[in-house]
Amino acid sequence: MGVVRGVTDLYGYSYSDAMLYGGTGHAFAMNIHEGLCPSGPYCWKSERFDALLRNLGVVRTDLGFFSSESSASERVAVEATIKEHLDRGQPCALANMENQLITGYDDTGFLTSQPWLPHADFPPGHLTWGSWAELGEEIHINFFTFERVPPAGAPDIVLESIECAVDMSRHPESYTDEPYGFGPLAYEKWIGAVEKGHGSEHGNWWNGTVWAECRARASDYLRKLGQLHPELGQSMTGLAESYAAIADHLAKASDKELDDAEKIRLLRESAAIERDCVEGLGNLTAELSGRLAAAAAST
């Protein structure tokens, strides 16, 4: 989402964090590896996310996966594509252990953002042409371009994002593959991993931190929608408070030192709250759809 923030800022959009997270559906996502690997936030199927990002006026194109086995010609070709987009003023990005904006290039390679400075010098701030030597021997990288397009109307953004939130819970298998679990299955994977002794590991902290932030933005998003649509205010306020409670629970569960039994209690309670939230969101989509249909019929 840091990359998306950079892209939308460059293109002159004034979206709040709540709108970026909520409008893309990311606020409602959760992907957990059975061993609480830190890769959970990165390794899920993002087609629905990309479709919703298009609603916000940005088209993200995945240029493909590259590894240490990728040929010189494959590397030259993708580098040329990225340079073409940068020369047109279109931002690009990469994902290799972390998401980074590609901010430009010099005579030796690409210049990339470093989200963890000054605390860590990895991922690197430069990528040498052809070799990508700064990534070391382990390379598993995707490159992306971002193009500006006209955004969808606010009603479509809202309705489709809420529909996505419901779909993520009701069809979690569409968003990831084993050994990961998505949505309600993510809670099962997380609890199972804690029971197997992974709750005190880095992955527990990282997953908890990421997904707690997402639920906090879900709360902000729904609260804002309630302000924009006073007729829905009461239901929106209740949902916003529930997602805030989930965010608080997940932030507490992220603590590696927290007793496993308490961690599991928090996760089970969060899963139950979220089930109720999804039911509420499902009712909301029906109401929003009806309002949009009535508005269209009156024009």
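Under this note's numbering, the sequence shown has 495 at position 139, and the numbering climbs by one with no breaks.
Where a beta carbon is used, it is the ideal one built from N, C-alpha and C, also for glycine.
{"Query": "So the beta strand (DSSP E) residue 563 belongs to, where does it begin and stop?", "Result": "Residue 563 -> not in any beta strand (DSSP E); alpha helix (DSSP H) instead, spanning 558-584."}
{"Query": "Could you check which residue in 462, 453 and 553 has the C-alpha nearest to that of residue 498?", "Result": "453"}
{"Query": "With 16 other CB atoms within 10 Å as the buried threshold, where does residue 427 fall?", "Result": "exposed"}
{"Query": "Within a Cβ cutoff of 7 Å, which residues of the same chain sit near residue 583, ignoring the five residues on either side of it in sequence?", "Result": "none"}
{"Query": "Would you please state the rounded distance, in angstroms, between the beta carbons of residue 543 and residue 595? I believe it to be under 8 Å.", "Result": "So it is not a contact: roughly 18 Å between Cβ atoms."}
{"Query": "Return the first residue and the last residue of the beta strand (DSSP E) that residue 450 is part of.", "Result": "448-451"}
{"Query": "Tell me which same chain residues have a C-beta within less than 8 Å of the C-beta of residue 468, skipping the five on either side of it?", "Result": "450, 456, 457, 458, 459, 479, 480, 481, 482 and 483"}
{"Query": "Using the Cα positions of residue 557 and residue 628, report the straight-line distance between them to the nearest angstrom.", "Result": "25 Å"}
{"Query": "Would you call the CB atoms of residue 545 and residue 438 closer than 8 Å?", "Result": "no"}
{"Query": "Among 579, 374 and 402, which residue has its Cα nearest to the Cα of residue 386?", "Result": "402"}
{"Query": "Taking the C-alpha atoms as reference points, what is the distance between residue 400 and residue 533?", "Result": "8 Å"}
{"Query": "Where does residue 314 sit, in a helix, a strand or coil, going by DSSP?", "Result": "Lying outside 357 to 655, the shown extent of the chain, residue 314 is not represented and no answer is given."}
{"Query": "What did DSSP end up calling residue 380 once you bin it into helix, strand or coil?", "Result": "coil"}
{"Query": "Is the separation between the beta-carbon of residue 360 and that of residue 408 shorter than 8 Å?", "Result": "no"}
{"Query": "Take residue 644 and list the residues in its own chain whose beta-carbon comes closer than 6 Å to its own, dropping the five residues that flank it on each side.", "Result": "515"}
{"Query": "Using only CA atoms, which one of 580, 445, 466 and 625 lies nearest to residue 488?", "Result": "466"}
{"Query": "Measure the alpha-carbon distance for residue 564 versus residue 448 and round it to whole angstroms.", "Result": "28 Å"}
{"Query": "Residue 373 to residue 573, Cα distance in whole Å?", "Result": "7 Å"}
{"Query": "Within 8 Å, do at least three Cβ pairs link the stretch 627-642 to the stretch 516-523?", "Result": "yes"}
{"Query": "Classify residue 464 as buried or exposed, calling it buried when 16 or more other Cβ atoms lie within 10 Å of its own Cβ.", "Result": "exposed"}
{"Query": "Here's the rule: buried if 16 or more other CB atoms are within 10 angstroms of the residue's CB, otherwise exposed. What is residue 567?", "Result": "buried"}
{"Query": "Would you list, in sequence order, the uninterrupted beta strand (DSSP E) runs of no fewer than 3 residues that lie entirely inside the stretch 428-473?", "Result": "448-451, 455-461 and 465-468"}
{"Query": "In or out: residue 473 buried (at least 16 other Cβ within 10 Å) or exposed?", "Result": "exposed"}
{"Query": "State the DSSP-derived secondary structure class of residue 622, mapped to helix, strand or coil.", "Result": "helix"}
{"Query": "Is DSSP giving residue 414 helix, strand or coil here?", "Result": "strand"}
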